[in-house]
Amino acid sequence: QMFVVPILTMRLLAEEQRTGTLEVLLTAPVNEVTVVLSKFFAAWLFYLLTWVPWWLNLVALRYMGGQEFDYRPLLSFDIMLLAISAGFISMGLFFSSVTKNQIIAAVLTFVGMIGHLAAYILKFRAGLSQGSTWYEVLTYVSYLDLWWSSLEGTFAPRYLLFHISATVFFLYATIKVLEARKWR
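According to the working numbering, the sequence shown is numbered sequentially starting from 27.
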């Protein structure tokens, strides 16, 4: 998770800026929204394809085990994974749009993902009690809390709100960066 997303997103727009093909792309008869959304969905779909071996392992577990097991926690995990990965991919796309260097884009995306991980660690290191305001805020930000709760069978759509909002925010910011570059 921590390395796949930066590697997938580092070249989405940074390499096009460096080679000069972004200007050609932006002068084509497509708008910035189409460019951003197509790059986002392509990277997101490719990221989800990296999870196929895990899903196939679950099918093999069912087949080889010969016993039914509860699929509902796995389905809630998949829904959480969709939302969290969309947020991370859109963050990587944004960082790729603000720099020409793909390594800088990857490092910025990695640091952003470490920030989400730090929310999980900070919650326990600070000794916050459950029910406090900061505990709840850090629970919304931390993707590991969402994974654990979904695998325990608890699916709370309110926890998806932060990650879906982050996805929309970063996609909007990427569109605005490309629009500003067009006028430069």
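Every residue gets a Cβ at the ideal spot worked out from N, C-alpha and C, and that includes glycine. Only a predicted model underlies this, so the values are computations on that prediction, with no experimental measurement involved.
Enclosing alpha helix (DSSP H) for Gly141 [first to last residue]: Residues Gln128 to Arg151.
Nearest to Lys17 (by Cα), restricted to the options Glu49, Ala152 and Ile115: This structure gives no information on residue 17, because the portion of the chain shown stretches from 27 to 210.
Buried versus exposed, by CB contacts within 10 Å (16 or more), Gly118: Result: buried.
Nearest neighbour of Ser102, chosen from Arg184, Phe196 and Thr180 [CA to CA]: Minimum Cα distance to Ser102 is reached at Thr180.
C-beta atoms of Leu34 and Ala69 nearer than 8 Å: Yes, the pair counts as a contact, with Cβ atoms nearer than the cut-off.
Coil, strand or helix - Met36 by DSSP: Reduced to three states, the DSSP call for Met36 is coil.
N-terminal and C-terminal residue of the alpha helix (DSSP H) that Met90 is part of: Element bounds for Met90: Val78 to Gly91.
Environment of Ala152 [buried if 16+ CB atoms lie within 10 Å]: Ala152 should be labelled exposed.
Helix, strand or coil at Asp96 [DSSP, three-state]: Residue state for Asp96 is assigned as coil, using DSSP reduced to three classes.
Beta-carbon gap between Ser123 and Leu204 smaller than 8 Å: Cβ atoms of Ser123 and Leu204: closer than 8 Å.
Beta-carbon proximity check, Tyr198 vs Asp171, cutoff 8 Å: Between Tyr198 and Asp171, the gap from beta carbon to beta carbon reaches 8 Å or more.
Contacts around Ile13, its chain only, beta-carbon distance under 7 Å, and the 5 residues preceding and following it disregarded: Because the chain is modelled from 27 through 210, residue 13 falls outside the range shown and cannot be assessed.
Under the three-state DSSP convention, the category Ser158 falls into: Shown here, Ser158 sits in coil according to DSSP, grouped into three states, outside any helix or strand.
Limits of the alpha helix (DSSP H) - the one that Ser64 falls within: Note, Ser64: alpha helix (DSSP H), Glu58 to Leu75.
Rounded separation between Met106 and Lys208 - CA only: Going by the C-alpha atoms only, they are around 35 Å apart.
Rounded straight-line distance, which links the Cα of Gly92 to that of Leu143: When the Cα atoms are used, Leu143 and Gly92 turn out to be separated by approximately 37 Å.
Cut-off 7 Å between Cβ atoms - residues of its own chain near Tyr166, not counting five sequence neighbours on either side: Here Tyr166 has Tyr185 and Phe188 as same chain residues with Cβ atoms under 7 Å from its own Cβ, once five neighbours each way along the sequence are excluded.
Contact under 8 Å by Cβ, Met36 with Met139: For Met36 and Met139, no; Cβs fall outside 8 Å.
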